[in-house]
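Below: one structure, written as structure tokens.
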Amino acid sequence: MADDLTSYRENTWCPGCGNFAIFNALKKAVRKLGDSGTPRRMLAHTAGIGCHGKMFDYLMLGGFCSLHGRALATAQGIKLANPQLKVISSVGDGDCYGEGIEHLIFAAKRNADITVLVHDNGVYGLTTGQVAPTGARGARGPSTPQGNPEEPLNMLPLMLEAGATFVARGYSGNIDHLSDLIVRAVGHPGFAFVDILQPCVSFNNTYEKYNKATEVMSPEPASFDDAMKAARRTDRMLLGVFFQDMSRPAHHVALQGQRNPSQDRPDRKTRLDRVAGLLGTPHPGRFAP
Amino acid sequence: MGEGVFTFIVGGKAGEGVKKAGEAASRLFSGMGRHVFQADEYESLIKGGHNFSSVSTSMRPVTGTYLKADFVVCLDRRSHEIHREHISKNGILVYNSDAMPAGQWKGIGLPISSAAKKFPNPELRVGLGAVAALSACVGLDRAGLEALVRAEYSRDVDNNIAFAGMVWEAANPLIGGRIRLESGPARGQVLSGNQAMALGACAAGLDMFFAYPMTPSSSMLHYLAAHAGQLGITVMHPESEIAVANMAIGATYSGARTMVGTAGGGFGLMVEALSLAGCAEAPLLVMSACRVGPSTGAATLHEQSDLRHVLGAGHGEFPRIVASPGDMGEAFGLAAEMMGLVWMFQTPGIILGDKHLCESAMTVDVDIGNAAWAEPLMFSGPAEEYRRYRQTTDGVSPLLFPPVDAVNKWTSHVRDELGISTEDSGLIEETHDKLRRKGEAIERHLRTITTVNTFGHGDPVVMTYGSTTLAVREAVALAGLDCRIVQPIYLEPFPGWAVGCFRGGPPPVVVEQSSTGMFARLLEEKMGLEIPRDNVILKYDGRPFDPEGLAARLREAI
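For the protein sequence lines, the chains are A and B, in the order given.
Each residue of the first sequence is one higher than the last, beginning at 1 in our numbering.
Each residue of the second sequence is one higher than the last, beginning at 1001 in our numbering.
See the structure below:
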């Protein structure tokens, strides 16, 4: 994979892992973004910890490899501090639907202008196959040898309800469709959520199931209610953009207007004058003799 | 009580504007050219309960409030029960006669509630009645009172002026001008520790402040949020302390100077991110305020039990800078200095505050012009040569902020110079060595700045830290003790070089607010001392030391 977006780091994903396809789709999307006026220098990439997180090492792009579950908090900090940047977060399902779900829900709620790419394979692959939040009831893993006693989360309706303004699902088995979804997500002015179905060849090999069950939506739902109906379907795993709303202001605009905290930094004198302005409130009192 | 010190106490229910009355009294005394110290005690509730604010004032700097007050206003019956014993010899007790059953009560009754009932939201107004009574007692005329009300009670100001005037007229024949306080040209700002630290960080270049509310740090969040526009900063209250710390770290990647505010429990949630900042070499500045623990403890009360918490937090080995200001003026300069240091060394820094420091307020002369300015080492050169984690002799690698053509990778992993993770044994050692060299560089730098305060020249040595320094200074001044107060400002790296001169003499007396003597144990470890138990003066009832009580215990120990 010698290309200028691939690092020298030895790739240790299992042969046949869905991450290869997501990696290729993301690189393809980065090139398309470059061709359409968003150069790599304007991108920042964050990742959590898990098999997905190796993406950070393999991809020759600037950014921040964060903690397990926290990549979206890191991403929002980067974005708020420099709203010019397009921030793309690669996260895992255990990472982002488990440990760090608070950040996902709140990023959706506040319409943080970041792109979230969830590598959703239903297992914790890097820690040898424990069942993850989207794993099926009854699924066996080293932490649930008798079978998972819990129901899986269906994240798309949850994201719609939480206020996500761009909700999509892709499949690692459909690279071109996925890379288009990523480009659309990055172009969305607000919180963009892409759940990516991804087989784990070692612990949850779903290729056959997904090849049969997935279906690219055409046309895509036109309303929130249609989006919710499509997202709730369990007979077919629909792919594409379920919902997009460009009318809500992005969080960074709602919070700080057009100010760019890291690029429009006032000089020291201005700061000291402002502090002095807050300190300088003399007492107006008059006293009886 | 206290030589030349006048103390005012106002007590009442939560929601009656007790703290606000203390603030207004502080402004009144400042306007008279007096130094003030204001401390508030409140319960973790919105309405009811017992709150009180005490303000001690003098023509000399005053660094604590006194339990025995010269003028006490009790807005409710419970305050009367609690504070009627806290009157100094010639002190005056005023109570809200509408809040007491008919009968003979110690002190002078004023119909504060019935006056308040002539206006909307009467219960929110009664605190102002205490200010009006105080004003009459110290000889402030109606016009002076009106100006004070305009400055401090600007919401619904006309009704406030009318109400205050009514209470003043009732009080004036009974106590008007009874207490005459020395006055001079108006004094500067009265700042709480939280305000001082917030402004200090702003002076050093703060761009973004993140915090999740937790007493006693919340007033820093509120203060910065209220003035965010004027200061030109972003203030955000995200979903949790975990989000707070990780967002702040992310923001530093973009080049924004950030700070977060929290208390011991919230700091506990930030610990994994603290370790991340150490590894990724992110300049994360944390203000963590201690309150009574463990766990929820007593949320609104004072203690110094987080010392080991902040010194030891975070898995793995990484350099950190920990400092604790000893008064509100120092809090301003130290916050700026810490902002400068975390950016100079790209590593986490913690300002250890406590309830008394953060929420009490005192007269400060803020030295704005000498505030530090955070300016990191920046990379200059061709983008393709940039390496985020370039090995350097002092462990500090030059920074670049996006957008840049260089591949600029920050990471939580052991990594090579570019920031790509590795399990190579040599690179693991190099990563550790880089962070260790950085720690050594921090210590070399601290040796060139003031890391320890001393007050006085005598013997023996009394060691303390954080806001307890205030109480020790006040007690020593009150009792006229000939001793030397030694206060380490920096706690990590511990400035053994600066306090080491006290090795060899008799063991120091140690004063701190913990039950186990954490600070004394730290001094033993860092200075190779043995400090006898009898030399350690502890207090752990949730309240700061009263200067008179501490003076007696110091006399005994010395």
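Every residue, glycine too, gets a C-beta built ideally from N, C-alpha and C.
As the structure is a prediction and not an experimental result, all values here were calculated from the model.
Looking at chain B, is there any beta carbon in it that lies within less than 8 Å of the beta carbon of residue i?
i: Ser-262(A); result: yes
i: Met-246(A); result: no
i: Leu-117(A); result: no
i: Arg-9(A); result: yes
i: Val-275(A); result: yes
i: Leu-178(A); result: no
i: Pro-133(A); result: no
i: Met-291(A); result: Because chain A in this structure spans residues 1 to 289, residue 291(A) falls outside the shown range and cannot be described.
i: Phe-20(A); result: no
i: Phe-106(A); result: yes
i: Gln-146(A); result: no
i: Phe-287(A); result: Its pLDDT being 40, under 50, Phe-287(A) is placed unreliably by the model, and the measurement read from it follows with that caveat. Output row for Phe-287(A): interface = yes.
Excluding sequence positions up to five away, which residues of its chain have a Cβ less than 7 Å from the Cβ of residue i?
i: Arg-1077(B); result: Ala-1099, Met-1100
i: Asp-57(A); result: Ser-7, Arg-9
i: Asn-121(A); result: Gly-18, Asp-93, Gln-198, Pro-199, Cys-200, Asn-204
i: Arg-271(A); result: none
i: His-1413(B); result: Ser-1421
i: Arg-1447(B); result: Trp-1497
i: Met-159(A); result: Ala-108, Val-167, Phe-193
Using the three-state DSSP reduction, which class does residue i fall into: helix, strand or coil?
i: Ile-1420(B); result: coil
i: His-252(A); result: helix
i: Ala-288(A); result: Bear in mind that a pLDDT of 35 at Ala-288(A), under 50, signals an unreliable position, so the model cannot answer this.
i: Asp-273(A); result: helix
i: Ala-164(A); result: coil
i: Phe-191(A); result: coil
i: Cys-17(A); result: coil
i: Ile-78(A); result: helix
i: Thr-1215(B); result: coil
i: Met-1315(B); result: Rather than Met, the amino acid found at residue 1315(B) in this sequence is His. DSSP places His-1315(B) in coil when its eight states are reduced to three.
i: Ala-1102(B); result: coil
Have a look at the DSSP bridge pairing and note the partners of residue i.
i: Thr-1454(B); result: Val-1486(B)
i: Asp-1040(B); result: Ser-1053(B)
i: Gly-63(A); result: His-45(A), Lys-1409(B)
i: Ile-1321(B); result: Gly-1349(B)
i: Lys-86(A); result: Leu-43(A)
i: Ser-1058(B); result: His-1035(B)
i: Ala-200(A); result: The sequence given here has Cys at residue 200(A), not Ala. Per DSSP, Asn-204(A).
Can you give me the Cβ contacts of residue i inside the same chain, cut-off strictly under 8 Å, excluding the 5 residues immediately before and after it?
i: Asp-1365(B); result: Gly-1188, Gly-1329
i: Glu-1443(B); result: Pro-1493
i: Gly-1184(B); result: Met-1032, Gly-1033, Arg-1034, Met-1059
i: Asp-1534(B); result: Ala-1557
i: Leu-1295(B); result: Note that residue 1295(B) is Ser in the sequence shown here, rather than Leu. Result list for Ser-1295(B): Gly-1265, in chain order.
i: Met-1378(B); result: Pro-1398, Leu-1399, Leu-1400
i: Gly-129(A); result: Val-123, Gly-141, Pro-142, Cys-200, Ser-202, Phe-203, Asn-204
In the DSSP assignment, find the beta strand (DSSP E) that holds residue i and state where it starts and stops.
i: Asn-1090(B); result: 1087 to 1096
i: Ser-1349(B); result: Just to set this straight, residue 1349(B) is Gly in the shown sequence, not Ser. That run of the beta strand (DSSP E) goes 1349 to 1354.
i: His-119(A); result: 114 to 120
i: Cys-1290(B); result: 1285 to 1290
i: Thr-214(A); result: 214 to 216
i: Asp-1070(B); result: 1069 to 1074
i: Met-1362(B); result: 1361 to 1363
Any Cβ of chain A within less than 8 Å of the Cβ of residue i?
i: Phe-1401(B); result: yes
i: Ile-1449(B); result: no
i: Asn-1453(B); result: no
i: Cys-1202(B); result: yes
i: Tyr-1253(B); result: yes
Less than 6 Å between C-beta atoms, sequence neighbours within five positions excluded: which residues of the same chain meet that for residue i?
i: Ser-1397(B); result: Tyr-1389, Arg-1390
i: Tyr-1253(B); result: Trp-1410
i: Leu-1274(B); result: Ala-1313, Gly-1314, Pro-1348
i: Lys-32(A); result: Val-183
What are the boundary residues of the alpha helix (DSSP H) that includes residue i?
i: Gly-1229(B); result: 1228 to 1231
i: Met-228(A); result: 224 to 232
i: Phe-1008(B); result: Phe-1008(B) -> not in any alpha helix (DSSP H); beta strand (DSSP E) instead, spanning 1006 to 1014.
i: Ala-1024(B); result: 1018 to 1031
i: Ser-1113(B); result: 1112 to 1116
i: Leu-1191(B); result: Counting along the chain, Leu-1191(B) falls outside any alpha helix (DSSP H), though it belongs to the beta strand (DSSP E) covering 1190 to 1192.
i: Thr-1464(B); result: Premise fails: Thr-1464(B) is in no alpha helix (DSSP H) and is neither H nor E.
i: Ile-1428(B); result: 1425 to 1446
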